[in-house]
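Novice:
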Amino acid sequence: MGWFGGTTLRLVAPGADPAFRQAMDGLMLQVDRTNVLAVHRAFREHADSLRAYLYEVQVNAAIGLCGGDPVSRDAAGPQSFGGKVGKLIGVHWKHWEELDAVAGELRETARTYGHTDEEIARSLASERNR
């Protein structure tokens with residue numbers, strides 16, 4: 001439990017890079033029974049939106065071989081533009097994993113505050129229907 005009877009959550013997923021975790025160690029989020037559903041919804045929606053965008057980008061960013069020549073093989077390799085785009089997309093997938101993990105922790109926190117799965121689902125659905 002955190003200050004004012006709330007729960008303090010770290011905003012970095014347990015599986016994150018140790019150097020990143022250390023750099024972000026002081027970044028925390030204070031939630032309580034009155035705001036946990038809204039905070040959960042914000043993280044869940046951001047994670048879902050990022051995931052949908054990354055799927056779209058991944059499909060559209062695929063660069064395959066143009067031919068069987070050596071230049072085409074080099075152009076599709078890890079040091080090429082396409083390879084660099086793939087690495088960048090990978091960084092954003094790691095960010096999605098962290099957002100998803102925080103949303104999961106917030107869902108569990110909402111349950112500990114007595115919110116039911118139905119209330120949690122309704123809080124997500126109410127925002128999607130706006």
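In terms of UniProt numbering, the sequence shown is residues 1 to 130.
For each residue, glycine too, the CB sits at the ideal point set by N, CA and C.
(1) Return the chain-ordered list of same chain residues with a C-beta closer than 7 angstroms to the C-beta of Trp96, the five sequence neighbours on each side being excluded.
(2) Where Trp3 and Lys84 are concerned, what is the direct C-alpha to C-alpha distance, given to the nearest angstrom?
(3) Spatial neighbours of Ser72 within its chain, please: C-beta separation below 6 angstroms, excluding the five flanking residues on both sides.
(4) Could you tell me how far apart the beta carbons of Val36 and Ala110 are, in whole angstroms, since I believe they sit closer than 8 angstroms?
(5) Going by the beta-carbon positions, is the gap between Arg33 and Tyr113 smaller than 8 angstroms?
(6) Ile89: buried (16+ other C-beta within 10 angstroms of its C-beta) or exposed?
Specialist: Considering the structure as presented:
(1) Ala47, Leu50, Arg51, Leu54
(2) Legend: pLDDT at Trp3 = 36, less than 50; position of this residue unreliable, no value from coordinates given.
(3) Around Ser72: Leu65, Cys66.
(4) 5 angstroms
(5) yes
(6) Per the 10 Å Cβ criterion, exposed.
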